[in-house]
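This report refers to the structure that appears directly beneath it.
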Amino acid sequence: MNSTGSGFFLLPRRSSLSSLGSVSSGYGSSTNLQEPVGLDAPRSTAIQTSIATAKTCVDRGTMPVVIAPAENCFDYFMLAVSWAPGYAYKQWKNGKNIRETKVTPSWIIHGLWPSMFDRRTDPMLTCRRSDIFFNWNRFATSKILGTLDNSWYTILAKGYSNNRKLWEHEFNDHGSCASRSSVIGDDVNYFIRTIQLVQQLNISFTLANGKYKVGSTTKLRDIIGIMENKLKVNIKIDYVLHPQTGENYLSELFIWYDVKLKLMDCPNGVLPDYILDTDIKLVEQLPIECRT
């Protein structure tokens with residue numbers, strides 16, 4: 001696979017994505033990958049009100065089993081992509097042990113999470129499906145394993161430091177629910193779609209093209225503006241303060257999609273000017289005090 005130069009490896013273009021799904025999917029169909037998503041699709045026109053409830057998110061144990069659709073179980077997807085040095089510093093500040101060798105100046109996938117407008121019910125407890133599960137055998141023989149290894153891993157030294165355990169955790173906690181979407185459908189397609197969305201963003205190139213390069217500092221409003229100029233929707237950016245230097249390090253980007261993975265505005269995404277005027281650094285490496 002071809003490297004992007006920014007921590008990701010290229011999947012085939014959308015026209016050939018079906019081959020990735022067909023070789024590994026045991027539940028869904030390669031047709032789940034034919035519908036355009038993200039930047040390849042029109043922006044979402046979905047109304048930002050919830051129809052999902054515990055009563056609507058119920059599968060029927062008939063033959064065949066009737067699976068409740070995504071819109072009955074959650075409202076939207078949130079995609080989180082981490083800038084490894086900034087995110088690692090944030091985790092270190094929170095007392096976590098860091099895998100220093102994995103902290104390179106690159107973007108890594110944190111997750112694609114089904115979410116609710118009312119975060120207190122995020123998502124429905126019944127959203128996790130009982131008819132599908134994470135099947136390592138399909139991943140081991142699929143064409144995405146190398147891509148996952150290079151783009152979706154943890155920088156934490158404990159917990160899910162093993163990639164296989166991390167992916168299984170992500171699918172059980174988020175992907176099983178996400179697979180209710182008609183453009184996902186199963187376990188492997190959940191990871192394929194997430195990679196596809198992130199590759200569309202081309203974050204390193206997009207930011208560098210907007211004059212925000214590794215090691216540089218600029219206003220939060222300008223960083224948001226660069227990404228929103230490409231995506232045409234509101235996004236959210238997270239950052240972390242270094243108390244000794246007074247610098248703020250960019251740690252994560254969050255982008256929102258509807259249940260069919262069409263781009264949508266961040267709910268409550270408008271920030272006050274005093275926050276937008278914050279200087280944010282795209283730190284190039286893990287601060288020295290975090291290293292052993």
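First residue of the sequence shown? That's 1 in my numbering, and the numbers climb one at a time after it. Quick reminder that beta carbons are idealized off the backbone N, C-alpha and C, glycines included. Note that the coordinates shown come from a computational prediction; the quantities given were computed from them, not determined experimentally.
Alpha-carbon to alpha-carbon, residue j and residue i
i	j	result
ASN202	MET227	10 Å
SER25	GLY185	Any answer about SER25 is weak, because its pLDDT of 37 lies below 50 and its placement is not dependable; what the coordinates show is given next. Roughly 9 Å separates the two Cα atoms.
PRO281	TYR249	According to the sequence displayed, residue 281 carries Lys and not Pro. Going by the C-alpha atoms only, they are around 5 Å apart.
ALA52	ALA70	8 Å
LYS219	LYS143	39 Å
LEU156	ALA68	35 Å
ASP367	TRP256	Outside the displayed span of the chain (1 to 292) sits residue 367, for which this structure offers no information.
LEU148	PRO287	26 Å
ARG14	PRO243	Any reading at ARG14 must be qualified, since the residue scores a pLDDT of 42, below 50, and its modelled position is unreliable; no value is offered.
VAL240	GLN285	14 Å
LEU125	PHE133	16 Å
ASP279	GLY95	25 Å
VAL65	ARG193	24 Å
Residue i, enclosing alpha helix (DSSP H) - first and last residue
i	result
GLY61	Here GLY61 belongs to no alpha helix (DSSP H), and DSSP marks it neither H nor E.
ILE184	Neither: ILE184 is in no alpha helix (DSSP H) and is coded neither H nor E.
LEU79	LEU79 -> not in any alpha helix (DSSP H); beta strand (DSSP E) instead, spanning 76-83.
Reference residue i; option with closest CA among the options
i	options	result
GLY295	GLU289, LEU261 and ASN268	Because the chain is modelled from 1 through 292, residue 295 falls outside the range shown and cannot be assessed.
TYR73	ASP122, VAL188 and TRP107	Per the sequence shown, residue 73 should be read as Cys rather than Tyr. With distances taken between Cα atoms, CYS73 lies closest to ASP122.
VAL103	GLY86, LYS55 and GLU247	GLY86
LYS158	ARG99, SER182 and ILE235	ARG99
CYS127	SER82, SER179 and ALA80	SER179
LEU33	TYR190, ILE47, MET63 and TRP83	TYR190
ASP277	ASP238, LEU263, ARG221 and GLY246	ARG221
TRP167	HIS110, ALA46, GLU35 and THR62	HIS110
GLN48	ILE275, PRO267 and GLU289	PRO267
ASN150	SER251, PRO114 and THR101	THR101
ILE224	ASN234, GLY215, THR217 and SER216	ASN234
LEU293	ASN163, SER130 and ARG129	What is shown of the chain runs 1 to 292, which leaves residue 293 out entirely.
Exposure label - residue i; buried when at least 16 CB within 10 Å
i	result
LEU253	buried
ARG291	exposed
PRO272	exposed
TYR212	buried
GLY21	Bear in mind that the predicted position of GLY21 carries a pLDDT of just 29, short of 50, making it unreliable; the figure below should be weighed with that in mind. By the neighbour-count rule (16 or more Cβ atoms within 10 Å), GLY21 is buried.
TRP136	exposed
GLY246	exposed
ASP187	buried
N- and C-terminal bounds of the beta strand (DSSP E) containing residue i
i	result
LYS230	Premise fails: LYS230 lies in the alpha helix (DSSP H), 220-231, not in any beta strand (DSSP E).
PHE139	Note, PHE139: premise wrong, no beta strand (DSSP E); alpha helix (DSSP H) at 136-140.
PRO114	107-115
SER251	248-257
LEU207	Where LEU207 is concerned, there is no enclosing beta strand (DSSP E), although the alpha helix (DSSP H) it sits in stretches over 203-209.
Counting only runs of 4+ residues fully inside the region 144-173, write out the alpha helix (DSSP H) ranges in chain order.
-> 145-151 and 163-170
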